[in-house]
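In terms of our numbering, the sequence shown is residues 355 to 654. Virtual Cβ for every residue (Gly too), placed ideally from N, Cα, C. Report on one structure; see the data block that follows.
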Amino acid sequence: MINIEQPSSSWKDYELIDCGDFSKLERFGSCVTIRPEPKALWHKTLTDDKWRQMANVEFKPGAGFGKAGKEDSGTWTTIHPTPEQWVIRYPQVDFKLRLGLTSFKHVGVFPEQATNWDFIHSTVKDLCARQSQPPKVLNLFAYTGAASLAALRGGAEVTHLDSVRNVVTWARTNMELSGMDGIRWIVEDALKFARREVRRGNLYQGIILDPPAYGHGPDGERWKLDECLFEILSLCNRILAPHDSFLVLNLYSNGYSAVLAETLARSAFGSDGELVAGESVLCDRFGKKLPLSVFARLKR
Ligand SMILES: C[S@@+](CC[C@H](N)C(=O)[O-])C[C@H]1O[C@@H](n2cnc3c(N)ncnc32)[C@H](O)[C@@H]1O
355 MINIEQPSSS WKDYELIDCG DFSKLERFGS CVTIRPEPKA LWHKTLTDDK WRQMANVEFK
415 PGAGFGKAGK EDSGTWTTIH PTPEQWVIRY PQVDFKLRLG LTSFKHVGVF PEQATNWDFI
475 HSTVKDLCAR QSQPPKVLNL FAYTGAASLA ALRGGAEVTH LDSVRNVVTW ARTNMELSGM
535 DGIRWIVEDA LKFARREVRR GNLYQGIILD PPAYGHGPDG ERWKLDECLF EILSLCNRIL
595 APHDSFLVLN LYSNGYSAVL AETLARSAFG SDGELVAGES VLCDRFGKKL PLSVFARLKR
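See below:
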């Protein structure tokens, strides 16, 4: 079965206000942004004037926009002044995220991921209730760490890996802001790390992956989703405990479908366990659903 999921409307610090004409109008706490959105193929509901009245900042794509590796590059223009950095809360799991305007269109959170955070938090809590040791959770391609914080808040021992040092520092700030500690931070190529963990025979009870279409390890190792995804999933199968364990695979690029995520997970992890696949969407004030990623979640 393919599920369609969206963040709870009780999350007051995020809202997709409107989307259309290849853009989206969103509110992150008190800051309203206009950003490009290639999937918003329909027309906006509100007028351009209304968008500009509401928005603090707008992201303008740069020359490299849309090209491999520079898909999201550009600059922000201010419409109504806003602080360069600010903080939002995710009360469902109880963590905070510092946000900021990056040169890559992003602000430091992918809100459509909220239902994955809820799943990670509740699954870790269930594992903790059934065993005396905290479950070990590995977050690959972990970015600013929302999924790591969800696992940590649930009681896991968390390893957070990303190839970009600044992003790992940002994730550490988010942990500290949330009043938590104890995450193991790793700046490394995800594939290289997974191969090494297989050789070491290390096992995790939870693995989370949200890989990009293209990326680089810290030593220039090339990550290309189509070519590397099945290998990393097969490695994850070998470092994921055979029982009392979970996997969250999220895919937001290359137009991959939920059925593809499901088939990939079944092929890499076998037929044991309960597998749920679906689409993560954001729904705007007018009921228009914007699909942003697909996921497969396995419990075995
Ligand atoms: C879009 S983010 C994932 C979003 C994140 N899971 C979340 O919801 O907050 C993709 C991340 O992969 C990282 N990355 C790219 N190539 C990598 C590689 N070869 N090894 C490890 N991390 C990589 C990037 O630095 C980026 O932080």
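Take residue i and list the residues in its own chain whose beta-carbon comes closer than 6 angstroms to its own, dropping the five residues that flank it on each side.
i, result
"I540", "L515"
"I562", "N493, A501 and V602"
"M534", "L506"
"G416", "S427 and G428"
Is the separation between the beta-carbon of residue i and that of residue j shorter than 8 angstroms?
i, j, result
"A567", "N608", "yes"
"L636", "L629", "no"
"S647", "L605", "yes"
"Y444", "A409", "no"
"G569", "M529", "no"
"E303", "E369", "Coverage of the chain is limited to positions 355 through 654, which leaves residue 303 absent and any answer about it impossible."
"K404", "A394", "no"
"L557", "G536", "no"
"S532", "K450", "yes"
"R549", "P596", "no"
"P565", "F495", "yes"
"W396", "G462", "no"
"W471", "V491", "no"
"K459", "R389", "yes"
Does residue i come out as helix, strand or coil in the three-state DSSP assignment?
i, result
"T431", "strand"
"P596", "coil"
"K378", "strand"
"G508", "helix"
"I537", "coil"
"A483", "helix"
"A567", "coil"
"L455", "coil"
"K642", "coil"
"L492", "strand"
"R389", "strand"
"A409", "coil"
"V630", "strand"
"A417", "coil"
"T513", "strand"
"E530", "helix"
"F649", "strand"
"F464", "coil"
"L503", "helix"
For residue i and residue j, which I take to be in contact (beta-carbon distance under 8 angstroms), what is that distance rounded to the nearest angstrom?
i, j, result
"V411", "I433", "6 angstroms"
"L589", "G627", "Incorrect: roughly 18 angstroms between the Cβ atoms, too far for contact."
"V512", "R538", "7 angstroms"
"S611", "G560", "The Cβ separation is near 25 angstroms, so there is no contact."
"P465", "P392", "In fact, because the Cβ distance is near 17 angstroms, the residues do not count as touching under 8 angstroms."
"S384", "W440", "7 angstroms"
Quick one: does the C-beta of residue i sit closer than 7 angstroms to a heavy atom of ligand 3?
i, result
"S427", "Among the ligands present in this structure, namely ligand 1, ligand 3 is not found."
With a threshold of 8 angstroms on Cβ separation, who are the neighbours of residue i within its own chain once the five nearest residues in sequence on each side are excluded?
i, result
"L545", "G571, E575, W577, C582, E585, I586 and L589"
"R592", "V552"
"A615", "L603, L605, A631, V648, F649 and A650"
"C482", "P488, P489, G508, G509 and A510"
"T477", "G508, G560, F600 and K653"
"A619", "L587, L601, L603, L629, A631, A650 and L652"
Identify, in the order they occur along the chain, each residue of the same chain with its Cβ nearer than 7 angstroms to the Cβ of residue i, setting aside the five sequence neighbours on each side.
i, result
"K414", "G428, T429 and T431"
"K479", "G508 and G509"
"R639", "I371 and D372"
Measuring only between beta-carbons, confirm whether residue i sits less than 8 angstroms from chain C.
i, result
"R576", "Checking the listed chains, one finds no chain C in this structure; it contains a single protein chain."
Three Cβ pairs or more, each shorter than 8 angstroms: is that satisfied between the segment 451-463 and the segment 475-488? Below 8 angstroms, too few C-beta pairs join the segment 451-463 and the segment 475-488 to call them touching: fewer than three.
For the segment 373-381 and the segment 398-412, state whether three or more C-beta atom pairs, one from each stretch, are separated by less than 8 angstroms. Yes: at least three Cβ pairs fall under 8 angstroms.
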